[in-house]
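Following: one structure in structure tokens, then a few remarks.
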Amino acid sequence: MSLAQRWQAAMMNNYGTPPLALVRGSGAEVWAADGRRYLDLLGGIAVNALGHAHPAVVEAVTRQISTLGHTSNLYLTEPPLALAERLLELLDAGDARVLFCNSGAEANEAAFKMARRTGRPNIVAAENAFHGRTMGALALTGQPPKRAPFEPMTPGVSHVPYGDVAALDAAVDEHTAAVFLEPIMGEAGAVTPPPGYLAAAREITAARGALLVLDEVQTGVGRTGAWFAHQTAGVVPDVITLAKGLGGGLPIGACIGIGAAGGLLEPGQHGTTFGGNPVCCAAALAVLDTIASDGLLEHVNLVGKTITTGVEALGHPLVRGVDGAGLLIGILLGEPVSAAVATAARDAGFLVNNAVPDRIRLAPPLVLTQAQAGEFVAALPAILDGATDA
């Protein structure tokens, strides 16, 4: 029986059957069961910040699991405390508090509950945004097809067009507990808002007494060429949520409350069994240390520019633009053929994501080399031609 047949027989069908079986990886490269090499331009959906099998992560995880594994939150351990202190240092936003969990959805669930603790009933989020698939995070997600099979949703959430300051201004009032926004919408295909949008959101929420929650699950931890994407926008939110790249492949999320927001949750009001697991925290510390020591923030900006300028310079008739920042890149297509492009790319040895019908999303490991970026750009015209000829 093939792997695909075993998958279909044993696994729920929520993801469908994946088209490719991978067996190992190194840096930004992965190898399939048949021995074929692929350039991984998706990085486990922005998770593998340091690529596959990075020595720093391997060493940190090996050392920690052989020293002290899971303890629960009933006891103090060094790795989560050190990680919280390191995140707050990088955030540089004054008084703040960290809550660890296991994923981006859980981080947003925590932020949702913090918003409810303000005593206000309503939350505003963005159309087409993605904040997770658990029930609270799903209510925040501005994609009706994902919500419809599970309605009724948690009440009190409304959605406004992303990037529309006037619409946000009209939606936020004295009953609004929080505004949830992604600095760049990742699941929608790396959609960047107009300049000044996050600053306007900060001004609107501050004026009405609402929390500004920035979902940095995809954009955080160096993905856009800054530690956190909101730092380049010059705003200080009340809450940020992190996950994906933080653990470098191990499951960890974080919800960080800044200022008074850090004290909204009181003892017994929220919890997580695995959150702050010492092994995952050790991996996250290795990720942060390596990004800093290897100068990966600058590297991300340089390699990202190689891809964006290279794709724009192709002048291919199917490409109508490039969006995103750093190594969270959206390639805008003139036709809704992203699924065919992803298939053609895979056939050519590149893993990309057909995020939406007219956008390709790239979120490669931050260690992607200039040569690897150039390899993709050089191959892209034939990939696009192959997709439109299919």
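The UniProt record's numbering numbers the first residue of the sequence shown as 1 and each following residue consecutively.
Where a beta carbon is used, it is the ideal one built from N, C-alpha and C, also for glycine.
Proximity to A387 [Cα-Cα], best of R86, L362, E335 | E335
Is it true that the CB of N354 sits closer than 8 Å to the CB of G326?
-> no
Count the CB pairs spanning the region 99-110 and the region 239-256 that are closer than 8 Å, and state whether there are at least three.
-> yes
In the region 201-270, which residue ranges form an unbroken alpha helix (DSSP H) of at least 4 residues, counting only runs that do not cross its ends?
-> 229-232
For the beta strand (DSSP E) that contains S158, what are its first and last residues?
-> 157-160
Pick from R63, R97, N48 that is closest to P278, judged by C-alpha positions = R63
Go through its chain and collect everything with a Cβ distance to G276's Cβ below 7 Å, but skip five positions before and after it.
-> N73, P80, F100
Quick one: Cα of T205 to Cα of P144, how far?
-> 25 Å
Where L332 sits in the DSSP three-state scheme | strand
On the three-pair Cβ rule with 8 Å, is the region 197-213 touching the region 161-174?
-> yes
Residue interval of the alpha helix (DSSP H) (run including R147) | 144-147
Just confirm the distance between the C-beta atoms of T308 and I329, as a whole number of angstroms; I'd bet it's less than 8 Å.
-> 6 Å
Within 8 Å, strictly: CB atoms of C280 and A107 = no
What are the partner residues of R24, as DSSP defines its beta bridges?
-> W31
Whole-angstrom distance between P193 and R208, CA atom to CA atom | 22 Å
DSSP on N122, reduced to helix/strand/coil?
-> strand
Would V287 pass as a contact of I258 if the rule is Cβ separation under 8 Å?
-> no
With a threshold of 7 Å, establish whether the CB of G234 neighbours any heavy atom of the ligand ZN.
-> What this structure holds is no ligand at all, so the ligand ZN is not there to describe.
Whole angstroms is fine: what's the gap from G16's alpha carbon to V57's?
-> 30 Å
In chain order, which continuous runs of the beta strand (DSSP E) of length 3 or greater are located wholly inside the region 73-125?
-> 96-101
Check the C-beta distance from P365 over to L50 and give it rounded, since I have them as a contact under 8 Å.
-> 6 Å
Give the DSSP-derived three-state secondary structure of H316 in the structure shown.
-> coil
How would you call L76, buried or exposed, if buried means at least 16 neighbouring beta carbons within 10 angstroms?
-> exposed
Which of helix, strand or coil DSSP assigns to I360 | strand
Identify whether N13 lies in helix, strand or coil by the three-state DSSP scheme.
-> helix
Note down, in chain order, each residue of its chain lying with its Cβ closer than 7 Å to the Cβ of P267, except the 5 sequence neighbours on either side.
-> none
How is M1 classed by DSSP in three states: helix, strand or coil?
-> coil
In three-state DSSP terms, what is A49?
-> coil
Decide yes or no for the touch test of the region 172-181 against the region 122-135: beta carbon pairs closer than 8 Å, at least 3 of them.
-> yes
Is N128 helix, strand or coil when you go by DSSP?
-> coil
Any idea if G189 is buried or exposed, counting beta-carbon neighbours within 10 angstroms, 16 or more meaning buried?
-> buried
Just how far apart, CA to CA, sit S66 and W31?
-> 28 Å
Over what stretch of residues does the beta strand (DSSP E) that includes V179 continue unbroken?
-> 176-181
Three-state secondary structure (DSSP) of A355 | strand
Among the residues of its own chain, which have a CB less than 6 Å from the CB of L88, if the five just before and after it don't count?
-> A96
Taking buried to mean at least 16 other C-beta atoms within 10 Å of its own C-beta, is R24 buried or exposed?
-> exposed
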